[in-house]
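Residue numbers (this note's numbering), protein chains in the order written: chain S, 79 to 335; chain Y, 943 to 1728.
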């Protein structure tokens, strides 16, 4: 499949892209994504026919209450999980029916993840944690460069236990971006942080988005963050309830909670 | 406490695989203890009762011939309780279905009750006079040759062929381990004991009113040494060959050596298992407590005392120990009984006493539980006494250190995954060391036992290919003139014949003396060779002795020293003879001399005891037929038969032993690796999930754990080899006795096999844990705070 076919395959109304980078094509698309978890006797409908597309270079914030399906959605587009039905593509990678090996390859080559609990390897220093990823990537930046981007060049040789929460999260971001991913997926990246530290982390994210044009999806409970996005996707009951487009974006430094 | 108990049981169920692998190690320890000590006790008890019920004598002596009236004098010696004079004769026998001639030991059976060494009649009846030649036969021989009451066999008694009718099958405490005199393995099927009425035997061998063997039973507390001296003095004029105690009675000493080995095994193996079990308990519990730290805080906040919480975890360990002990009891009793029965078949016991001191079970349980609780204490101590507020907080994250403080002198850019593995192993140095030691012990158990196969092969090669290279030995029934050599050389199929002479001697240096067989060969002899420690050939000196290294050690002599030699037959004057050299020899105390030198020393006409022959393979049958036709010539023992039998017996014993040891070492190796891996997975599950998210494949993530296992396993090998070497050394010295020494032959294959078994067990547990990694739920792990 070539990029030209994308538009033809898109379902639903074209997304409003007023403030998104102009002239870009959708890199991420989903159609009718449905996920049902079976927990014993009970079936839980986590995603209920979600259609979505994001263009290259977009910075989207995903809002929604617990259980609204936003994390399930992120996991599927990140190649951590597969849908019960529906389709999802990253460029020409079919994600819905991909096997374990193809998903691993997809994550390795294209996706960077940032989680609420930083998930750094405790026995590796900041630099080594980043190196962990650059070693297996095709066109990585140098670990020092990635850490410099998140403002941690002076803490490179510290172990996670010697870093503050915000610093650890920035190491996690450096680790996620060091491979120059096409897609940066963040699940509650500031959830464990105070406002001031959280802002530093958000600045790192917007900076990466701006400098490298990395398509970025950020899940949050924190409504205050919405201002820094191109688009705000609101999840409710396993569906996308609404999509808002910010005509003007706020810099991360301008927000607080 | 009810809710805590419920928690305990659920915990046990959740961790069942780890619990089972630890319990299995404990079970192996308990089982080896019960098998070893239990079988030892059963056999020792069986033997003691057998000896007591059948009046097994304390002192034995052979002589040329003495009148029965002398028995009263012997009985009058202070300290002698009972005395029995018998006639013993070795005789060739012709057995249906056996090509080569066999031999039987004829023993006189008194008219009335036996005073000593009483028979146990398994079936049939005792022989009677006047009904032809009747005899009772030893059970092992009867079984091997399908002899039943009513069977017949031909025995050459004093030169005359006699058809002997078997009337019964019997056992004797004297022949629990029955061997052809001069051989080293029980030769079932080719050597048997026949008990014949005394009068018949006396008439046949012209020994009416006389005897040629005496057995004595001593009063409790009597000194055997002084009585032996008195007996020797009394019997000297009658060709007495020197009295000896049970410690030199063949059957007794062989059985004793076996029992000593059994006890040795029970002393070495169980502590190894218990040590490993204690380590596994400690490791597992430490992790469990780390995971339950917040629960401990909560319980304390709810009002549970530190002691109650500590007891909760100790109970966990107790339950594992009880499981392990119970499994060990079960397996130990089953296998122990099996082994006892096996021993009873190998030896000849009339009845088996399955004796197990209940104390043994108590001890086994106590030390198993003790070791486990000891392993638990340090794990429990820290956590149970934390203040609740502290315990409820998550533990401080582990602080790792950079290797070499970040300065890497060799500037190797190691992959980060290697660094993770190295730092994780070094972060828990004691646990890693414990794992290495545990795996090393598994390898050591194997090295420490598998060496014996190589050693036995070496001994076979040494004995049959290098030193005793003759195809067969023809032993005369008594010494014959040297010209008898030509009689043998003329037999069909005999290609080469070399004479030898064996004489019983008492060899003495200072106050140490031993009765040994002195073998003499002609200087030109080529079939039988004497070798030194480096397998170099030792030529027999024209004068003087060559003695075995063991004998030299016992006597405390070195080449060049002089020893006193007193022949036990013929002219018994004491001679002073120089020891010229030492020979390596694994069986018994031995002395060698040149045939002419011996003739000179004994100062009499040249006599020989037998001839070693080289045989034309294709003419075996002719030779056997000729030998059967001239039974007066003597008995033949074939090297190939001896070798086959030896290999067969060994293979049988070895197969069982190796199976058991491989299983046991496997249990240890599996237990150690499985628990290490499970704990490592529990600690690093989060990192592994992170790596998966970052795009590492399942295989790459599994490497984190498998490489850790591999490092521990490989580090353990050299240590295991060294420990195994020590274990083998300890076993060699515990096996060594005057009648038997084993060479410590450790070929590379021993290390290869041992390491192979350990690696296989490690790989199996690695494979099982790997499947858990494959099922790792990345999302669930990453969304939760540790």
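All residues carry an ideal CB built from backbone N, CA and C; glycine is no exception. Small disclaimer: the values here were computed from a predicted structure and weren't measured.
Mind checking residue i: buried by the 16 CB within 10 Å criterion, or exposed?
i: residue 1069/Y; result: buried
i: residue 175/S; result: exposed
i: residue 1416/Y; result: buried
i: residue 1223/Y; result: buried
i: residue 1428/Y; result: exposed
i: residue 1092/Y; result: exposed
i: residue 1285/Y; result: buried
i: residue 1554/Y; result: buried
i: residue 1217/Y; result: buried
i: residue 1626/Y; result: buried
i: residue 121/S; result: exposed
i: residue 1102/Y; result: exposed
i: residue 1516/Y; result: exposed
i: residue 1322/Y; result: buried
i: residue 1479/Y; result: exposed
i: residue 1597/Y; result: exposed
i: residue 100/S; result: Residue placement at residue 100/S is poorly supported in this model, since its pLDDT is 48, which falls under 50; the coordinates still yield a value, given next. Answer is exposed; the Cβ neighbour count stays below 16.
i: residue 1053/Y; result: exposed
i: residue 1412/Y; result: buried
i: residue 301/S; result: exposed
Can you pull the chain S residues whose beta carbon is under 9 Å from the beta carbon of residue i, in chain order?
i: residue 1724/Y; result: 158, 191, 193, 194, 195, 197 and 265
i: residue 1229/Y; result: Simply none; closest approach about 16 Å.
Taking C-beta to C-beta, are residue i and residue j nearer than 8 Å?
i: residue 286/S; j: residue 227/S; result: yes
i: residue 1434/Y; j: residue 1565/Y; result: yes
i: residue 267/S; j: residue 172/S; result: no
i: residue 293/S; j: residue 241/S; result: no
i: residue 1522/Y; j: residue 1501/Y; result: yes
i: residue 309/S; j: residue 321/S; result: yes
i: residue 1058/Y; j: residue 1137/Y; result: no
i: residue 1488/Y; j: residue 1528/Y; result: no
i: residue 1108/Y; j: residue 1152/Y; result: no
i: residue 982/Y; j: residue 1201/Y; result: yes
i: residue 1155/Y; j: residue 1004/Y; result: yes
i: residue 1525/Y; j: residue 1490/Y; result: yes
Of the residues the options, which one's Cα is nearest the Cα of residue i?
i: residue 1116/Y; options: 1337/Y, 1625/Y and 1000/Y; result: 1000/Y
i: residue 114/S; options: 151/S, 104/S and 134/S; result: 151/S
i: residue 257/S; options: 210/S, 234/S and 197/S; result: 210/S
i: residue 1106/Y; options: 1339/Y, 1704/Y, 1715/Y and 1038/Y; result: 1038/Y
i: residue 1255/Y; options: 1269/Y, 1719/Y, 1278/Y and 1226/Y; result: 1226/Y
i: residue 1273/Y; options: 1066/Y, 989/Y, 1210/Y and 965/Y; result: 965/Y
i: residue 1498/Y; options: 1485/Y, 1588/Y and 1451/Y; result: 1451/Y
At a CB-CB cut-off below 7 Å, which residues of chain S make contact with residue i?
i: residue 968/Y; result: Going along chain S, no residue has its Cβ under 7 Å from residue 968/Y, so there is no contact; the nearest lies around 33 Å.
i: residue 1720/Y; result: 158
i: residue 1648/Y; result: Correct list: empty, because the minimum Cβ distance to chain S is about 17 Å.
i: residue 1635/Y; result: 158, 185 and 191
i: residue 1712/Y; result: Residues of chain S passing the Cβ test: none, with the nearest at roughly 15 Å.
Indicate, with yes or no, if the ligand ADP has a heavy atom lying under 7 Å from the CB of residue i.
i: residue 1534/Y; result: Annotation note on the ligand ADP: not contained in the displayed structure, which lists no ligands.
Which residues in chain Y have a C-beta closer than 7 Å to the C-beta of residue i? List them in chain order.
i: residue 201/S; result: 1342, 1362, 1365, 1366 and 1369
i: residue 211/S; result: 1636
i: residue 282/S; result: Those within 7 Å of residue 282/S in chain Y number zero; the least Cβ separation is about 18 Å.
i: residue 292/S; result: Near residue 292/S there are no residues of chain Y at all, since even the closest Cβ is about 16 Å away, more than 7 Å.
i: residue 182/S; result: 1637 and 1639
Residue i versus chain Y: which residues are under 8 Å apart at the beta carbon?
i: residue 148/S; result: Residues of chain Y passing the Cβ test: none, with the nearest at roughly 13 Å.
Could you list which residues in chain A have their beta carbon closer than 7 Å to that of residue i, in chain order?
i: residue 255/S; result: This model lacks chain A altogether; the protein chains it does include are S and Y.
In chain S, what lies closer than 8 Å to residue i by C-beta?
i: residue 1632/Y; result: 197, 198 and 199
i: residue 1339/Y; result: 200, 238 and 239
Just to make sure I have the definition right: I need the residues of chain Y whose C-beta is within less than 9 Å of the C-beta of residue i. Which are they?
i: residue 223/S; result: Going along chain Y, no residue has its Cβ under 9 Å from residue 223/S, so there is no contact; the nearest lies around 17 Å.
Fully enclosed by the segment 1196–1283 of chain Y, which alpha helix (DSSP H) runs are 4 residues long or longer?
Counting only runs of 4 or more, we get 1235–1244.
Segments of 3+ residues assigned as beta strand (DSSP E) that fall wholly inside the segment 1471–1523 of chain Y:
1487–1490 and 1504–1509
Report the start-end ranges of each beta strand (DSSP E) in the segment 216–285 of chain S that is 3 residues or longer and not cut off at the edges.
Every beta strand (DSSP E) stretch that sits fully inside the segment 216–285 of chain S and reaches 3 residues is listed by chain position as 261–265.
Contiguous alpha helix (DSSP H) assignments of at least 4 residues, all confined to the segment 119–159 of chain S
148–155
Please go through the segment 1134–1186 of chain Y and give each complete beta strand (DSSP E) segment of 3 or more residues, from N-terminal end onward.
With a minimum length of 3 residues, the continuous beta strand (DSSP E) runs that stay inside the segment 1134–1186 of chain Y are 1152–1160.
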